[in-house]
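Trainee: In this note's numbering, the protein residues as written are 45 to 200. First the structure, then my questions, so here it is.
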């Protein structure tokens with residue numbers, strides 16, 4: 045197959061538009077640009093694959109001059125799979141950034157029920173009693189005339 049001028053122009057337009065759109069900051073535009081560049085690459089491999097011919101595997105193992113090279117076909121299939129994988133990854137990034145922007149603040153809110161409120165009040169009372177006990181211990185140490193500070197070191 046000889047590369048027709050129409051396919052070459054279409055491939056060049058797809059590469060140009062894809063690169064232009066990928067330069068934007070929006071993840072959606074990056075995705076669209078990546079898909080355009082991936083399809084332009086597939087078109088390039090298709091145009092460079094050569095002339096049309098017979099299947100590369102022929103019964104009896106005999107190959108002739110009209111057989112097609114299978115490498116470009118494999119490259120196109122590989123490019124399609126890679127394009128699909130990266131497209132899925134970018135779609136996941138787009139969804140995650142949308143979720144964090146729109147639902148991140150509301151989605152992380154935790155409702156406090158009555159049992160949690162009672163537990164929180166009991167924890168406050170417990171911590172306050174610990175602080176009071178620490179003050180009482182400090183007062184007893186000060187009354188006893190101990191010269192060490194809280195860390196057990198000497199104040200002198």
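Glycine included, C-beta positions come from ideal geometry on N, C-alpha and C. As the structure is a computational prediction, the values presented were derived from the model and not from experiment.
So, is residue 60 buried or exposed, given that buried needs 16 or more other C-beta atoms within 10 angstroms?
Mentor: Taking the first residue of the chain shown as 1, we reach residue 60 at position 16. Exposed, since its Cβ has fewer than 16 Cβ neighbours within 10 Å.
Trainee: Contact defined as beta carbons within less than 8 Å: I believe residue 86 pairs with residue 123. What is the distance between those atoms, to the nearest angstrom?
Mentor: Residue 86 sits at position 42 when you count from the first residue of the chain shown. Residue 123 sits at position 79 when you count from the first residue of the chain shown. Correct: roughly 5 Å between the Cβ atoms.
Trainee: Assign residue 58 to buried or exposed, taking buried as 16 or more other Cβ atoms, counted over all protein chains shown, within 10 Å of its Cβ.
Mentor: For the purposes of this step, residue 58 is taken as the residue at position 14 of the chain shown. Looking at its Cβ environment, which holds 16 or more other Cβ atoms inside 10 Å, residue 58 is buried.
Trainee: Pull up the distance between the alpha-carbon of residue 70 and that of residue 79, whole angstroms please.
Mentor: As a position in the chain shown, residue 70 is number 26, starting the count at 1. As a position in the chain shown, residue 79 is number 35, starting the count at 1. For residue 70 and residue 79, the distance between alpha carbons rounds to 14 Å.
Trainee: Which value, in whole angstroms, describes the spacing of the CA atoms of residue 128 and residue 110?
Mentor: Residue mapping note: residue 128 aligns to position 84 of the chain shown, counting from 1. Residue mapping note: residue 110 aligns to position 66 of the chain shown, counting from 1. Cα to Cα, the separation comes out at about 32 Å.
Trainee: Thinking residue 65 and residue 73 are a contact (beta carbons under 8 Å), I'd like their distance in whole angstroms, please.
Mentor: Position 21 of the chain shown, counted from the start, is the residue given in the question as residue 65. Position 29 of the chain shown, counted from the start, is the residue given in the question as residue 73. Going by Cβ atoms, the distance from residue 65 to residue 73 rounds to 5 Å, so yes, they are a contact pair.
Trainee: Given residue 93, which residues of its chain have a CB within under 6 Å of its CB, disregarding the five upstream and five downstream residues?
Mentor: Residue numbering aside, residue 93 sits at position 49 when the chain shown is read from its first letter. If we look at residue 93 and ignore the five residues flanking it on each side, its Cβ neighbours are 116.
Trainee: So what's residue 98 in DSSP terms, helix, strand or just coil?
Mentor: Mapped onto the chain shown, residue 98 falls at position 54. Correct three-state label for residue 98: strand.
Trainee: Can you find the residues in the same chain that come closer than 8 Å, C-beta to C-beta, to residue 152, ignoring five residues on each side of it along the sequence?
Mentor: Within the chain shown, the letter at position 108 stands for residue 152. The pLDDT assigned to residue 152 is 49, lower than 50, so where the model puts this residue is not dependable; a value taken from the coordinates is nonetheless given after this. Around residue 152: no qualifying Cβ.
Trainee: Buried or exposed for residue 181, please, with buried defined as at least 16 other CB atoms from any protein chain shown within 10 angstroms of its CB.
Mentor: Taking the first residue of the chain shown as 1, we reach residue 181 at position 137. With fewer than 16 Cβ atoms within 10 Å of its Cβ, residue 181 is classed as exposed.
Trainee: Once you ignore the five residues that flank residue 134 on each side, which residues in its own chain have a CB closer than 8 Å to its CB?
Mentor: As a position in the chain shown, residue 134 is number 90, starting the count at 1. Cβ within range, chain order: 71, 74, 75, 78.
Trainee: Go through its chain and collect everything with a Cβ distance to residue 97's Cβ below 6 Å, but skip five positions before and after it.
Mentor: The residue given as residue 97 occupies position 53 in the chain shown. Same-chain partners within the cutoff: 110, 111, 112.
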